[in-house]
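Here is the structure we will look at.
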Amino acid sequence: MTKNNSRRDFLKSTALSAGGLILGFNWFGQEASAANIVNKIASEAGNNTFNAFLSIQTDGIVTIFSPNPEIGQGIKTAFPIIVAEELDVDWNNVKVVQAPLDTKKFERQVAGGSGSIPHSWQRLRKAGATARQMLVEAAAKRWNVSASECSTEKGFVIHTTSGKKLGYGELATDAAKLTPPADVKLKDKKDFKLIGSTVKGVDNHGVLTGKPLFGLDFYREGMKFAMIQRPPAFGMKLKSFDASAAKASASGIEVVSFKDKVAIVGKSTWEVKKARDLVKIEWEKAANLESSDDHNRIFKELLDGKAEVRRKDGDVETAFKDAAKIVEAEYQCPFLPHNPMEPMNFFAHVREDGVELVGPTQTPQNAQNQTAKLLNIPSEKVTVELTKMGGGFGRRLGTDYVLEAAELSSIIKAPVKVMWTREDDMSGGSYRPAVRYRFRAALDKQGNMIGYTLRGAGINAGNSTRQDNFPAGAVPNLLIDSAEHKSPITTGPWRAPITNFLAFAEQSFLDEVATAAGKDAVQFRLELLEKAKTSPAGEIKYNIDRMKAVIELAAEKSGWNKKRKGVSLGFSVYFSHASYVAQVAEVVMKKGKPVLQKIYAAVDCGVVVNQSGARNQVMGGIVDGIGHAMYGNLTFKDGSPDQKNFNAFRLIKMNEIPAIEVSFVDNGIDPTGLGEPALPPTGGSVANAIFKATGKRLRNQPFIEEDQKLFESVS
Amino acid sequence: MANYNLKINGKTLKTEASPDTPLLWVLRDNLGLVGTKYGCGMAQCGACTVHINGEATRSCVLPVSAVADATITTIEGLSEKGDHPVQQAWDAIDVPQCGYCQAGQIMTAAAFLKKNAKPSLEEIEAAMSGNICRCGTYHRIKEAVQLAASKK
Chain D
2 MTKNNSRRDF LKSTALSAGG LILGFNWFGQ EASAANIVNK IASEAGNNTF NAFLSIQTDG
62 IVTIFSPNPE IGQGIKTAFP IIVAEELDVD WNNVKVVQAP LDTKKFERQV AGGSGSIPHS
122 WQRLRKAGAT ARQMLVEAAA KRWNVSASEC STEKGFVIHT TSGKKLGYGE LATDAAKLTP
182 PADVKLKDKK DFKLIGSTVK GVDNHGVLTG KPLFGLDFYR EGMKFAMIQR PPAFGMKLKS
242 FDASAAKASA SGIEVVSFKD KVAIVGKSTW EVKKARDLVK IEWEKAANLE SSDDHNRIFK
302 ELLDGKAEVR RKDGDVETAF KDAAKIVEAE YQCPFLPHNP MEPMNFFAHV REDGVELVGP
362 TQTPQNAQNQ TAKLLNIPSE KVTVELTKMG GGFGRRLGTD YVLEAAELSS IIKAPVKVMW
422 TREDDMSGGS YRPAVRYRFR AALDKQGNMI GYTLRGAGIN AGNSTRQDNF PAGAVPNLLI
482 DSAEHKSPIT TGPWRAPITN FLAFAEQSFL DEVATAAGKD AVQFRLELLE KAKTSPAGEI
542 KYNIDRMKAV IELAAEKSGW NKKRKGVSLG FSVYFSHASY VAQVAEVVMK KGKPVLQKIY
602 AAVDCGVVVN QSGARNQVMG GIVDGIGHAM YGNLTFKDGS PDQKNFNAFR LIKMNEIPAI
662 EVSFVDNGID PTGLGEPALP PTGGSVANAI FKATGKRLRN QPFIEEDQKL FESVS
Chain S
4 MANYNLKING KTLKTEASPD TPLLWVLRDN LGLVGTKYGC GMAQCGACTV HINGEATRSC
64 VLPVSAVADA TITTIEGLSE KGDHPVQQAW DAIDVPQCGY CQAGQIMTAA AFLKKNAKPS
124 LEEIEAAMSG NICRCGTYHR IKEAVQLAAS KK
């Protein structure tokens, strides 16, 4: 990742009236130009200022404000770890507080793209180190010694020659009055004590005792409850409604309509839900009502028709004409809902003098700006308080559910919490797009891949390829293009956008090519990487050595080269969101059925900030990847999804998971994110292992529906 | 609307609700006990699990009229200080990611371990497989149940 840090950081400090040090810092740094959807959304908001914030009280307690939204990725623990490491404070004396949206103090308050850690790593370190240096200077002044004779340890400044020591709390008031140093020395990575250790989640106690942490847990005196009936199908609009029965069902029920929606407002969730069922609504067709059968036809047209060229190296036509062998295959993945356990919800209070928003959002700044635009008021008039989120998986990068709450509050002139039921959530759109891929590979007589083509076809998927990803650069003749159908069915980023299905298709196809070439799956990939290094074709946008290292680590940990009786191994490797993950899936046959018993994951995310959090993310990402590859499917009939709750949409459960062994590459490189990168390689490693075990090549997700007989009665 | 004196977490709590209101919404909207979560509203995910007379029960489909005389325990009342062996194990293993489903997971595990103090791995999986964790923390949940069982 390249970051523009050329403009110098601006730091300032002010003394707390209660006595203590507050350190705020702003960066005028330009946002990284990472080519992912999340950053696109972030930049669309037009404002990317970032700032972290810490205060030290006279009793030595350090408060670290964590500005980024917490969706389960563990950022509320990881960010403060980095600050505390450089500050050299005892973790037990750190209090972590979620900061609200503050575009003056903070920059990039976004949860998405696995981008928070790489964006903030140096900034958080500097925040801690700057405060530490000011504390050292304050101590040196008090002792009348040189700052160079002082060191720090666990919240104390120590004069090394005399052994005198002072706590940070005793120094905080003096230190706060000093001018922050322009340059600070960061720790040598080998001296990290907290970073790379095992730190428990800072919200554990609240979570485990049922404290009100989440958006849906937010209640306010006088607040109204609301549910909204949205069009039952993509392509439908509101014709008319009769709310008389609903209004008579309980006291205080109000029914209003805006933007093809009917909102039911009342005094409790249950009364509102029952009243909603009583509103008689007529809908009418406004666009094509698409069904999955239509999509099958549309996909065929997209795969056979014209497409936009994304990357072209060499001469593909000649390569395929000269080929000794050609491998062709098509892969497909369905629409998926995000299904965070906490459904969409938001609190809004539109007052004369401003708007208060409270709830779960991955993009608070977008929520602020778009609400301001909707209500035609300045952004400064909109405040956004961030609650903890019951998952997000990309769904809460959208602001539709925030704007609905704001609009409704402005209409009814009251504070209101809009809640989506599970059915609302699953049929409310912003899905992972459905895609299909057509691959072709040309092999020469020695089994070298001399040509490679990929056509991506997607429904509202934009560019459904990642044209510069491996094996681009390793194949002399390559053509990658994509075609898209615009549908009324809405789509959006879903954990590891595009790569969450592309990686499965690509890593499975490469396995098919290796098999056709008579080569070992690992050797085949290593040979390709060697070619990318010695005779690169076109631009290479991944790090060959880092990819090679995770491949070798996964092979070593899984015993790839050791034959084990009855054990079939499947390989995959993927680079996404700046991290590298290789996987080996281990399948055994039980009663004639394949059983996934283990996945080995080798991960290079650079420095591991928190062992516990990182492992949790990798394992969870893999479980997510297995679950959706095996079971996830959202199909459509006349514009309406067939699956609306967990009785019809199958999520993976505890008795369906394999063992997972996670290994991290220890290379000391600045850390990259982990919320997403472990997921993409999963479908491929599993499909490749099942092929080894059964000879059945799974090309269509969900696997369970492609071949029910294969998996029947297998846990 | 009807009046109820519900026995929740060792206290008698007075509330008014229509008899068909699911206990989940009485807890959350009327009594401020928001630790019990809404996930699906049809007893499919387990986020709303509470104890009714000691049994792990889905509160999202349970009308309040059915529990007027029952002994109800929610996550807030599982222990006084949040130190029930299951809660302690969850913290020691650092189970949560987003945390939303975990109250339901803990309530299921606590009721299960009360009946089966020394469960096998298969029994744990069978008992816990009705609770969905979208973040996929199942490995740690399993480990935490084992740890809690070993401490009993």
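Just so you know, the protein sequences line up as chains D and S, in that order. When we follow the working numbering, the leftmost residue of the first sequence carries the number 2, and every step to the right adds one. When we follow the working numbering, the leftmost residue of the second sequence carries the number 4, and every step to the right adds one. Even glycine gets a Cβ: it sits at the ideal position worked out from N, Cα and C. Being a predicted model, the structure only gives us computed values, none of them experimental.
1) List the endpoints of the continuous alpha helix (DSSP H) containing serine 686 of chain D.
2) Among D/Ala79, D/Val98 and D/Glu108, which has the Cα closest to the Cα of valine 199 of chain D?
3) Classify aspartate 667 of chain D as buried or exposed, calling it buried when 16 or more other Cβ atoms lie within 10 Å of its own Cβ.
4) In the structure shown, what three-state DSSP assignment does proline 434 of chain D receive?
5) State the start and end residues of the unbroken alpha helix (DSSP H) segment that holds asparagine 544 of chain D.
6) For the beta strand (DSSP E) that contains alanine 583 of chain D, what are its first and last residues?
7) Can you say whether lysine 14 of chain S is buried or exposed, counting buried as having 16 or more other CB atoms within 10 angstroms of its CB?
8) The ligand GTP and asparagine 69 of chain D: does any heavy atom of the ligand fall closer than 7 Å to the residue's C-beta?
9) Would you say lysine 96 of chain D lies against chain S (beta-carbon separation less than 8 Å)?
10) Would you mind reading off the limits of the beta strand (DSSP E) that contains valine 421 of chain D?
11) Taking DSSP's pairing of strands, which residues face isoleucine 552 of chain D in a bridge?
12) Is there contact here, the region 669-688 of chain D with the region 501-509 of chain D, by at least three beta-carbon pairs under 8 Å?
13) Determine the closest residue to glycine 258 of chain D out of D/Ala183, D/Val273 and D/Leu239, with distance taken between C-alpha atoms.
14) Restricting to Cα atoms, I'd like to know which of D/Glu309, D/Gly452 and D/Thr500 is closest to arginine 433 of chain D.
15) Would you say lysine 158 of chain D and alanine 128 of chain D are within 8 Å of each other, going by their C-beta atoms?
16) Could you name the residues of the same chain whose beta carbon sits closer than 6 Å to that of valine 148 of chain S, not counting the 5 residues immediately before and after it, in chain order?
17) Determine, for leucine 398 of chain D, whether the minimum Cβ-Cβ distance to residues of chain B falls below 8 Å.
18) In angstroms, rounded to a whole number, what distance separates the CA positions of isoleucine 78 of chain S and lysine 212 of chain D?
19) Which same chain residues end up closer than 7 Å to alanine 100 of chain D when comparing Cβ atoms and leaving out the 5 residues on each side of it in sequence?
20) The alpha helix (DSSP H) with tyrosine 402 of chain D in it runs from where to where?
21) Verify the CB distance criterion: does glycine 13 of chain S have a CB-CB separation below 8 Å to chain D?
22) Could you check whether the Cβ of valine 39 of chain D sits closer than 8 Å to any Cβ belonging to chain S?
23) What does asparagine 646 of chain D reach in chain S if we use C-beta pairs closer than 8 Å?
24) Who are the near neighbours of histidine 629 of chain D in its chain, counting only those whose CB is closer than 7 Å to its CB and skipping five residues on each side?
25) Quick one: what's histidine 486 of chain D bridged to in DSSP?
26) Check whether the region 362-371 of chain D and the region 385-394 of chain D touch, using three or more Cβ-Cβ pairs below 8 Å as the test.
27) May I ask you to verify whether the region 321-332 of chain D touches the region 418-427 of chain D, counting CB pairs closer than 8 Å and requiring at least 3?
28) Tell me which residues of the region 85-119 of chain S have at least one Cβ-Cβ distance to chain D shorter than 7 Å, keeping chain order.
29) Below 8 Å between beta carbons: does that hold for lysine 693 of chain D and serine 569 of chain D?
30) Establish whether the CB of tyrosine 7 of chain S and some CB of chain D are separated by less than 8 Å.
31) Which value, in whole angstroms, describes the spacing of the CA atoms of glutamate 706 of chain D and aspartate 354 of chain D?
32) Strictly under 8 Å for the Cβ-Cβ distance: is serine 132 of chain S near chain D by that measure?
33) Would you verify that the beta carbon of lysine 3 of chain S is, or is not, closer than 8 Å to some beta carbon of chain D?
34) In the region 635-661 of chain D, which residues sit with their C-beta less than 9 Å from some C-beta in chain S, listed in chain order?
35) Excluding five sequence neighbours on each side, which residues of the same chain lie with their C-beta closer than 6 Å to the C-beta of glutamate 662 of chain D?
36) Are the beta-carbon atoms belonging to valine 687 of chain D and leucine 597 of chain D less than 8 Å from one another?
For this structure:
1) Within the first sequence, the letter at position 685 stands for residue 686 of chain D. Under the DSSP assignment, serine 686 of chain D falls in the alpha helix (DSSP H) whose first and last residues are 683-695.
2) The residue given as residue 199 of chain D occupies position 198 in the first sequence. Correcting the residue identity first, residue 199 of chain D is threonine in this sequence and not valine. Selected option, being the one with the closest Cα: D/Ala79.
3) Residue numbering aside, residue 667 of chain D sits at position 666 when the first sequence is read from its first letter. Exposed, since its Cβ has fewer than 16 Cβ neighbours within 10 Å.
4) Taking the first residue of the first sequence as position 1, residue 434 of chain D is located at position 433. Correct three-state label for proline 434 of chain D: coil.
5) Your numbering for residue 544 of chain D matches position 543 in the first sequence. Unbroken run through asparagine 544 of chain D: none, as it is neither H nor E.
6) Locating residue 583 of chain D in the first sequence gives position 582, where the first residue counts as 1. Element bounds for alanine 583 of chain D: 580-591.
7) Against the second sequence, residue 14 of chain S aligns to sequence position 11. Lysine 14 of chain S comes out exposed.
8) Among the components of this structure there are no ligands whatsoever, and the ligand GTP is therefore not found.
9) Mapped onto the first sequence, residue 96 of chain D falls at position 95. Lysine 96 of chain D does not count as touching chain S.
10) Along the first sequence, read from residue 1 onward, the residue named residue 421 of chain D stands at position 420. For the sequence presented, residue 421 of chain D should be read as tryptophan rather than valine. Tryptophan 421 of chain D -> no beta strand (DSSP E), and no H or E assigned at all.
11) Position 551 of the first sequence, counted from the start, is the residue given in the question as residue 552 of chain D. Paired residue(s): none; isoleucine 552 of chain D is not in a bridge.
12) Cβ pair count under 8 Å is three or more, so yes.
13) Working through the first sequence from its first residue, we reach residue 258 of chain D at position 257. The sequence given here places serine at residue 258 of chain D; glycine does not occur at that position. Residue D/Leu239 holds the alpha-carbon nearest to the alpha-carbon of serine 258 of chain D among D/Ala183, D/Val273 and D/Leu239.
14) Position 432 of the first sequence, counted from the start, is the residue given in the question as residue 433 of chain D. When each option's Cα is compared against that of arginine 433 of chain D, the closest is D/Thr500.
15) Taking the first residue of the first sequence as 1, we reach residue 158 of chain D at position 157. Taking the first residue of the first sequence as 1, we reach residue 128 of chain D at position 127. For clarity, residue 158 of chain D is valine in the given sequence; the question names lysine instead. Remark: C-beta atoms of valine 158 of chain D and alanine 128 of chain D do not approach each other more closely than 8 Å.
16) The sequence position of residue 148 of chain S within the second sequence is 145, counting from 1. Same-chain partners within the cutoff: Ala112 and Ile127.
17) Protein chains D and S are contained in the structure displayed, whereas chain B is not.
18) Counting from one through the second sequence, the residue named residue 78 of chain S turns up at place 75. Counting from one through the first sequence, the residue named residue 212 of chain D turns up at place 211. Cα to Cα, the separation comes out at about 9 Å.
19) As a first step, residue 100 of chain D is located in the first sequence; it is residue number 99 there, counting from the start. Cβ neighbours of alanine 100 of chain D beyond the five flanking positions: Phe54, Phe66, Ser67, Pro68 and Phe107.
20) By one-based count along the first sequence, residue 402 of chain D stands at place 401. Segment 401-413, the alpha helix (DSSP H) holding tyrosine 402 of chain D.
21) As a position in the second sequence, residue 13 of chain S is number 10, starting the count at 1. With 8 Å as the cut-off, glycine 13 of chain S does not count as an interface residue toward chain D.
22) To locate residue 39 of chain D, count along the first sequence from 1; it is residue 38. Note that valine 39 of chain D scores a pLDDT of 27, beneath 50, so its modelled location is shaky; the value from the coordinates is reported in the next line. Cβ-Cβ to chain S under 8 Å: no for valine 39 of chain D.
23) Position 645 of the first sequence, counted from the start, is the residue given in the question as residue 646 of chain D. Taking a Cβ-Cβ threshold of 8 Å, the residues of chain S close to asparagine 646 of chain D are Cys43, Gly44, Met45 and Gln47, in chain order.
24) The sequence position of residue 629 of chain D within the first sequence is 628, counting from 1. So the list reads Leu337, once near-sequence residues are dropped.
25) On the first sequence, position 485 is the one that residue 486 of chain D refers to. In the DSSP secondary-structure assignment, histidine 486 of chain D is bridged to D/Ile460.
26) Touching, yes, given that three or more Cβ pairs across the two stretches are closer than 8 Å.
27) Cβ pair count under 8 Å is below three, so no.
28) Within the region 85-119 of chain S, the residues whose Cβ lies closer than 7 Å to some Cβ of chain D are Gly85, Gln90, Trp93, Asp94, Asp97, Pro99, Gln100, Cys101, Gly102, Tyr103, Cys104, Gln105, Ala106 and Ile109, listed in chain order.
29) Locating residue 693 of chain D in the first sequence gives position 692, where the first residue counts as 1. Locating residue 569 of chain D in the first sequence gives position 568, where the first residue counts as 1. For the 8 Å CB-CB criterion, lysine 693 of chain D and serine 569 of chain D form a contact.
30) Reading the second sequence from its first residue, position 4 is the one you call residue 7 of chain S. Tyrosine 7 of chain S does not count as touching chain D.
31) The sequence position of residue 706 of chain D within the first sequence is 705, counting from 1. The sequence position of residue 354 of chain D within the first sequence is 353, counting from 1. Answer to the nearest angstrom: the Cα atoms are 55 Å apart.
32) As a working mapping, residue 132 of chain S is identified with position 129 in the second sequence. Judged by the 8 Å Cβ criterion, serine 132 of chain S is in contact with chain D.
33) This structure gives no information on residue 3 of chain S, because the portion of chain S shown stretches from 4 to 155.
34) Within the region 635-661 of chain D, the qualifying residues are Asn646, Phe647, Asn648, Leu652, Ile653, Lys654, Met655, Asn656, Glu657, Ile658, Ala660 and Ile661.
35) On the first sequence, residue 662 of chain D is found 661 positions in, with the first residue counted as 1. Within the same chain, glutamate 662 of chain D has close Cβ partners Tyr601.
36) As a first step, residue 687 of chain D must be located in the first sequence, where it is residue number 686. As a first step, residue 597 of chain D must be located in the first sequence, where it is residue number 596. Their beta carbons are under 8 Å apart, which means valine 687 of chain D touches leucine 597 of chain D by this criterion.
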